[in-house]
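K.L.:
Just dropping this structure here.
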Amino acid sequence: MNGPIALLASRLRVEEKALLAAFSARGADVVHVDARRLRFPLAEPPPWRFVLNREISATRARYAAASLETQGIGTLNSSHAIATCGDKWLTSTALTAAGVPTPAAALALTPEAALDQIAVMGYPVVLKPLSSSWGRRVSLIRDADAAQAVLEHCAALPAPQAHLIYLQEFVNKPGRDIRVVVVGGRAVGAAYRNADTWRTNVARGATTTSCELHDGLADLAVRAAQAVGAAIAGVDVVEDADGRLLVLEVNSGVEFAGLQRALGDGCNVAGAIADLVLRDAPVPARVAA
0 MNGPIALLAS RLRVEEKALL AAFSARGADV VHVDARRLRF PLAEPPPWRF VLNREISATR
60 ARYAAASLET QGIGTLNSSH AIATCGDKWL TSTALTAAGV PTPAAALALT PEAALDQIAV
120 MGYPVVLKPL SSSWGRRVSL IRDADAAQAV LEHCAALPAP QAHLIYLQEF VNKPGRDIRV
180 VVVGGRAVGA AYRNADTWRT NVARGATTTS CELHDGLADL AVRAAQAVGA AIAGVDVVED
240 ADGRLLVLEV NSGVEFAGLQ RALGDGCNVA GAIADLVLRD APVPARVAA
C-alpha cells in the first residue's frame with residue numbers, strides 16, 4: 000500500500016512534536032492530520048498506509064480508529080484498546096480477568112446502589128468517573144456525609160453515564176505512583192510521579208523522577224498492556240503499604256513528556272513508538288519505472 004503514515008492529533012503537544020521528529024530522523028514519510036477536520040465517507044478509504052492515533056479526545060480517537068479499521072488501514076492503538084482504556088470499569092475487569100493485580104473495584108448502576116457498595120467496601124474509598132483524564136472529578140470519600148454529597152452531585156448531572164458509579168479501593172501509597180511506558184510488548188521506561196496530595200497526576204503538579212525498571216515492574220506493566228490489548232500504553236502502578244505493586248489504570252494515549260524529562264537520554268519513548276509503527280506499517284509498493 001502506498002501513501003504516507005499519518006499522525007492523527009488535533010493538538011501538537013510535546014509528545015506529538017517528538018514523534019514527528021522521530022519519524023523524520025528515520026526518513027519516514029509522515030503527515031500530521033488534524034482530527035477536527037477528518038471525515039470518513041463510506042467506501043472511500045483515506046490515503047494513508049498506517050495511522051498513529053494521538054487524538055486527545057477519547058471519543059474522536061475511538062471512532063477514528065474504528066473507522067480506519069473498517070477501511071483496512073492499520074492503526075495504533077486499536078479501537079478495542081482505546082475503548083477499554085477509556086472506561087475504568089472495562090479496564091478493571093480486563094486486568095482482573097488476566098490475573099493482573101489491581102485494587103478492588105466495583106460498579107454501581109445508580110448513586111443509591113453506590114451508597115450500599117461503599118458500606119461494604121468501607122472508608123476511605125475513591126470514586127471516579129468511568130471516563131476521565133488528568134484526575135478530573137476524582138473524589139476521595141472519607142465518610143458517609145462526603146459520600147452523600149458527592150453522589151447527590153452525580154445524580155444531578157445530565158449525562159446518563161455520570162449516574163454509573165465506579166468505586167475503587169483507596170491505596171495508601173507513599174506519596175507517589177509509577178508511570179511505565181510499554182511499546183510493542185516491551186517496557187521502555189519508568190518514572191515516579193511525586194505529589195504532596197493523594198492525586199499524583201503530572202497535569203495537577205506532580206513531579207517526575209527516575210524509577211528503576213526492574214524485572215517485576217516491567218513484567219507487570221507488559222501484562223497490563225496486553226490485558227487491555229494496547230500496543231502502546233502508559234501503565235499507572237501504585238505501591239501499597241506492604242510494598243506490593245498494583246495497576247491502577249492503563250492509558251492508550253499515553254503522555255510521556257514528564258517521564259522523558261526524568262529519564263533523559265537513557266530512554267527514547269518517541270523513537271520506540273516510531274520504530275513500532277514502521278515495523279507494523281505496510282511497506283509502500285514500488286512503482287515500476
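Numbering-wise, the sequence shown is residues 0 to 288 according to numbering that gives the first Met the number 0.
No residue lacks a Cβ here, since even glycine has one placed at the ideal position from N, Cα and C.
Should residue 160 be labelled buried (16 or more other beta-carbon atoms within 10 Å of its own) or exposed?
P.N.:
As a position in the sequence shown, residue 160 is number 161, starting the count at 1. When all chains shown are included, residue 160 counts as exposed.
K.L.:
Going by beta carbon distance, what residues of the same chain come within less than 8 Å of residue 34, once the five residues before and after it are set aside?
P.N.:
Position 35 of the sequence shown, counting from 1, holds the residue named residue 34. Cβ within range, chain order: 7, 8, 9, 54, 56, 59, 60 and 63.
K.L.:
Would you please state the rounded distance, in angstroms, between the beta carbons of residue 93 and residue 117? I believe it to be under 8 Å.
P.N.:
The residue you call residue 93 lines up with position 94 of the sequence shown. The residue you call residue 117 lines up with position 118 of the sequence shown. Rounded, the Cβ-Cβ distance is 24 Å, inconsistent with contact.
K.L.:
For residue 39, which residues in the same chain have their Cβ closer than 7 Å to its Cβ, ignoring the five residues on either side in sequence?
P.N.:
The residue you call residue 39 lines up with position 40 of the sequence shown. Hits under 7 Å: 66.
K.L.:
Specify the secondary structure class of residue 167 as computed by DSSP and reduced to three states.
P.N.:
On the sequence shown, position 168 is the one that residue 167 refers to. Looking at residue 167 - three-state DSSP - the assignment turns out to be strand.
K.L.:
What number of angstroms, rounded off, separates the C-alpha of residue 72 from the C-alpha of residue 41?
P.N.:
Taking the first residue of the sequence shown as position 1, residue 72 is located at position 73. Taking the first residue of the sequence shown as position 1, residue 41 is located at position 42. Between residue 72 and residue 41, the C-alpha separation is close to 14 Å.
K.L.:
Rank 162, 114 and 128 by C-alpha distance to the C-alpha of residue 289 and give the top, closest one.
P.N.:
A question about residue 289 goes unanswered here, because the residues of the chain that appear run from 0 up to 288.
K.L.:
Taking DSSP as the reference, what is the three-state secondary structure of residue 185?
P.N.:
As a working note, residue 185 is residue 186 in the sequence shown. Correct three-state label for residue 185: strand.
K.L.:
Please state the DSSP three-state secondary structure of residue 172.
P.N.:
What you label residue 172 is simply residue 173 of the sequence shown in a count that begins at 1. Three-state result, residue 172: coil.
K.L.:
Would you list, in sequence order, the uninterrupted beta strand (DSSP E) runs of no fewer than 3 residues that lie entirely inside the stretch 39-86?
P.N.:
DSSP runs (the beta strand (DSSP E)) wholly in the stretch 39-86: 49-52 and 73-75.
K.L.:
Could you please give the first and the last residue of the uninterrupted alpha helix (DSSP H) stretch that includes residue 152?
P.N.:
Translated into the one-based positions of the sequence shown, residue 152 becomes position 153. That run of the alpha helix (DSSP H) goes 143-155.
K.L.:
Looking only at C-alpha atoms, which of 14, 194 and 120 sits nearest to residue 140?
P.N.:
Mapped onto the sequence shown, residue 140 falls at position 141. Among 14, 194 and 120, the Cα nearest to that of residue 140 belongs to 120.
K.L.:
Within the same chain, show all residues whose beta-carbon is closer than 7 Å to that of residue 188, passing over the 5 residues directly before and after it, in chain order.
P.N.:
On the sequence shown, residue 188 is found 189 positions in, with the first residue counted as 1. So the qualifying residues of the chain are 180, 212, 258, 262, 266 and 268.
K.L.:
State the start and end residues of the unbroken beta strand (DSSP E) segment that holds residue 105.
P.N.:
The count along the sequence shown starts at 1 and reaches residue 105 at position 106. Residue 105 -> beta strand (DSSP E) spans 104-107.
K.L.:
Can you find at least 3 beta carbon pairs, one from the stretch 231-242 and one from the stretch 156-174, that sit closer than 8 Å?
P.N.:
Short answer: they touch.
K.L.:
Between 85, 151, 91 and 183, which has its C-alpha nearest residue 277's C-alpha?
P.N.:
In the sequence shown, the residue the question calls residue 277 occupies position 278. Comparing Cα-Cα distances from residue 277 to each of 85, 151, 91 and 183, the minimum goes to 183.
K.L.:
In or out: residue 52 buried (at least 16 other Cβ within 10 Å) or exposed?
P.N.:
As a working mapping, residue 52 is identified with position 53 in the sequence shown. Classification for residue 52: buried.
K.L.:
By how many angstroms is the C-alpha of residue 270 removed from the C-alpha of residue 110?
P.N.:
Walking along the sequence shown from the start, residue 110 turns up at place 111. Walking along the sequence shown from the start, residue 270 turns up at place 271. For residue 110 and residue 270, the distance between alpha carbons rounds to 45 Å.
K.L.:
Are residue 178 and residue 221 closer than 8 Å when you measure CB to CB?
P.N.:
Counted from its first residue, the sequence shown places residue 178 at position 179. Counted from its first residue, the sequence shown places residue 221 at position 222. Contact: no.
K.L.:
Helix, strand or coil for residue 137, going by three-state DSSP, please let me know.
P.N.:
By 1-based counting over the sequence shown, the position of residue 137 is 138. It is coil, neither helix nor strand.
K.L.:
Below 8 Å on the Cβ atoms is my guess for residue 232 versus residue 253; work out the distance and round it to an integer in Å.
P.N.:
As a first step, residue 232 must be located in the sequence shown, where it is residue number 233. As a first step, residue 253 must be located in the sequence shown, where it is residue number 254. The Cβ separation is near 6 Å, so the contact holds.
K.L.:
Looking only at C-alpha atoms, which of 30, 17 and 77 sits nearest to residue 279?
P.N.:
Taking the first residue of the sequence shown as 1, we reach residue 279 at position 280. With distances taken between Cα atoms, residue 279 lies closest to 77.
K.L.:
Where do the ends of the alpha helix (DSSP H) carrying residue 270 lie?
P.N.:
The residue you call residue 270 lines up with position 271 of the sequence shown. 268-279 is the extent of the alpha helix (DSSP H) around residue 270.
K.L.:
Could you check what DSSP says for residue 287 in three-state terms: helix, strand or coil?
P.N.:
By one-based count along the sequence shown, residue 287 stands at place 288. Bear in mind that a pLDDT of 46 at residue 287, under 50, signals an unreliable position, so the number given afterwards is only what the model happens to contain. Residue 287 falls in the coil class under three-state DSSP.
K.L.:
Within 10 Å of its beta-carbon, does residue 158 have 16 or more other beta-carbons around it, so buried, or fewer, so exposed?
P.N.:
Here the question's residue 158 lines up with position 159 in the sequence shown. So residue 158 ends up on the exposed side.
K.L.:
Between 244, 165 and 194, which has its C-alpha nearest residue 89's C-alpha?
P.N.:
One-based indexing of the sequence shown puts residue 89 at position 90. Taking only the C-alpha atoms, the option nearest residue 89 is 165.
K.L.:
Taking Cβ to Cβ, would you say residue 36 is nearer than 8 Å to residue 1?
P.N.:
Residue mapping note: residue 36 aligns to position 37 of the sequence shown, counting from 1. Residue mapping note: residue 1 aligns to position 2 of the sequence shown, counting from 1. Cβ atoms of residue 36 and residue 1: not closer than 8 Å.
K.L.:
Does DSSP put residue 233 in a helix, in a strand, or in coil?
P.N.:
Along the sequence shown, one-based indexing puts residue 233 at 234. It is a strand residue.
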